[in-house]
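A.B. asks: Okay, handing you the structure first.
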Amino acid sequence: MVAVGTGSLSLLDYRRRVAQLYADIRETAVRRSPREAHELWRTTRDQLYATHVDSPLLPDDPRRRTGLPVAPYDPDLRFTAVLHAADHAQELRVTTGTDGEVVFSLLGRARTPLGTLDLWWLSGYGGGVWLPVRDGSSGTSSYGGGRYLLDTVKGADLGTTRDHEDLRDHLDEQGEQDDQDDDGERLVLDLNFLYNPSCAYDPTWACPLAPPGNRLDAAVDAGELV
236 MVAVGTGSLS LLDYRRRVAQ LYADIRETAV RRSPREAHEL WRTTRDQLYA THVDSPLLPD
296 DPRRRTGLPV APYDPDLRFT AVLHAADHAQ ELRVTTGTDG EVVFSLLGRA RTPLGTLDLW
356 WLSGYGGGVW LPVRDGSSGT SSYGGGRYLL DTVKGADLGT TRDHEDLRDH LDEQGEQDDQ
416 DDDGERLVLD LNFLYNPSCA YDPTWACPLA PPGNRLDAAV DAGELV
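236 is the number of the first residue of the sequence shown in the working numbering; add one for each residue after it.
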């Protein structure tokens with residue numbers, strides 16, 4: 236039997252809680268509303284960041300008591316977008332503090348009313364989708380290095396319209412939801428769920444930040460602020 240440190244188990248617990256939170260968000264967005272899903276996200280993150288041993292907040296950070304600054308929900312910033320395949324191979328290599336050099340491959344691009352965003356695939360073991368965003372609010376009302384919207388290897392996953400249709404079908408079988416037509420699978424990109432990377436709270440962290448293809452000119456005063 237291989238011994239596992241208690242620190243590893245606490246991190247496993249933290250990751251599990253984040254993954255469960257986003258599963259609950261996807262369900263709540265369908266069963267109730269995206270606005271209520273956003274409130275669940277806000278309150279659960281506040282509790283997790285305030286109490287968990289692996290919280291990215293430093294022990295004396297006042298946000299453990301006050302909660303994280305999050306803008307009110309804006310339904311106009313919830314989009315669905317087709318993922319368009321990348322027309323050429325592109326790699327992004329990022330040096331991090333704990334994992335050494337991390338390699339991302341360009342997965343594709345998603346067009347939103349605010350601009351086009353690149354989606355990246357983590358090339359390491361297990362893989363995962365990563366979508367950072369830097370916008371016109373970065374450095375003023377939001378973190379200067381940009382924020383994350385999706386980081387599926389760590390559980391941050393808003394799903395696709397296909398996921399939502401599958402859940403609607405399940406609820407419809409229970410008589411809880413009317414059927415809706417599926418017009419093809421799209422990514423759910425709800426900018427109200429933008430959140431800070433760990434390095435926004437603790438400068439000892441080295442986080443991958445938004446490359447040029449992940450920058451929006453418009454100020455997105457939604458999600459987690461500063």
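Backbone N, C-alpha and C fix where the C-beta goes; we use that ideal spot for every residue, glycine too.
Could you check if Y360 is buried or exposed, using at least 16 other CB atoms within 10 Å of its CB as the buried criterion?
C.D. replies: Numbered from 1 along the sequence shown, position 125 holds the residue referred to as residue 360. Y360 is exposed by the Cβ-count criterion.
A.B. asks: Can you find the residues in the same chain that come closer than 8 Å, C-beta to C-beta, to N427, ignoring five residues on each side of it along the sequence?
C.D. replies: Start at 1 with the first residue of the sequence shown, and residue 427 comes out as number 192. Once the five neighbours on either side are set aside, the close Cβ partners of N427 are P269, H273, A306, Y308, D309, L312, R313, A457 and G458.
A.B. asks: Does DSSP classify D414 as helix, strand or coil?
C.D. replies: The residue you call residue 414 lines up with position 179 of the sequence shown. Any answer about D414 is weak, because its pLDDT of 34 lies below 50 and its placement is not dependable; what the coordinates show is given next. D414: coil per DSSP, three-state reduction.
A.B. asks: At what residue ranges does the region 421 to 449 contain a whole run of the beta strand (DSSP E), taking only runs of 3 or more?
C.D. replies: 422 to 425, all fully within the region 421 to 449.
A.B. asks: Do G381 and A445 come within 8 Å of each other at the CB atom, strictly closer than that value?
C.D. replies: In the sequence shown, counting from the first residue as 1, residue 445 sits at position 210. In the sequence shown, counting from the first residue as 1, residue 381 sits at position 146. Between A445 and G381, the C-beta spacing is below 8 Å.
A.B. asks: Would V317 be called buried (16 or more neighbouring beta carbons within 10 Å of its own) or exposed?
C.D. replies: In the sequence shown, residue 317 corresponds to position 82, counting from 1. Exposed is the call here.
A.B. asks: Do the region 239 to 258 and the region 281 to 298 meet, that is, are 3 or more Cβ pairs less than 8 Å apart?
C.D. replies: yes
A.B. asks: With a threshold of 8 Å on Cβ separation, who are the neighbours of D283 within its own chain once the five nearest residues in sequence on each side are excluded?
C.D. replies: Position 48 of the sequence shown, counted from the start, is the residue given in the question as residue 283. According to the sequence shown, residue 283 is Leu rather than Asp. Taken in chain order, the residues that qualify are Y249, R252, V253, L256 and S290.
A.B. asks: Closest to R397 by C-alpha separation, out of L385, V388, L384 and E420, would be which residue?
C.D. replies: By one-based count along the sequence shown, residue 397 stands at place 162. The shortest Cα separation from R397 among L385, V388, L384 and E420 belongs to E420.
A.B. asks: Grab the span of the beta strand (DSSP E) containing A320 for me, first residue to last.
C.D. replies: Position 85 of the sequence shown holds residue 320. Its beta strand (DSSP E) spans residues L318 to A320.
A.B. asks: Of all the alpha helix (DSSP H) runs that stay within the bounds of the region 236 to 320, which reach a length of 4 or more residues?
C.D. replies: 241 to 266, 269 to 286 and 298 to 301
A.B. asks: Decide yes or no for the touch test of the region 346 to 353 against the region 435 to 452: beta carbon pairs closer than 8 Å, at least 3 of them.
C.D. replies: yes
A.B. asks: Which same chain residues, not among the five before or five after D413, have their C-beta less than 6 Å away from its C-beta?
C.D. replies: Within the sequence shown, residue 413 is the residue found at index 178, counting from 1. Confidence at D413 is low in this model, with a pLDDT of 36, below 50, so the placement of that residue should be treated as unreliable; the coordinate-derived value is given next. Setting aside the 5 residues that flank it on each side, D413 has no residue in the same chain whose C-beta is closer than 6 Å to its C-beta.
A.B. asks: How many angstroms separate the CA atom of D437 from the CA atom of V329?
C.D. replies: Working through the sequence shown from its first residue, we reach residue 437 at position 202. Working through the sequence shown from its first residue, we reach residue 329 at position 94. In a straight line, the C-alpha of D437 is about 18 Å away from that of V329.
A.B. asks: Please report the distance separating the alpha-carbon of T364 from that of W355.
C.D. replies: Along the sequence shown, one-based indexing puts residue 364 at 129. Along the sequence shown, one-based indexing puts residue 355 at 120. Note on identity: in this sequence residue 364 is Val, with Thr being the wrong assignment. So the alpha carbons of these two residues sit roughly 6 Å apart.
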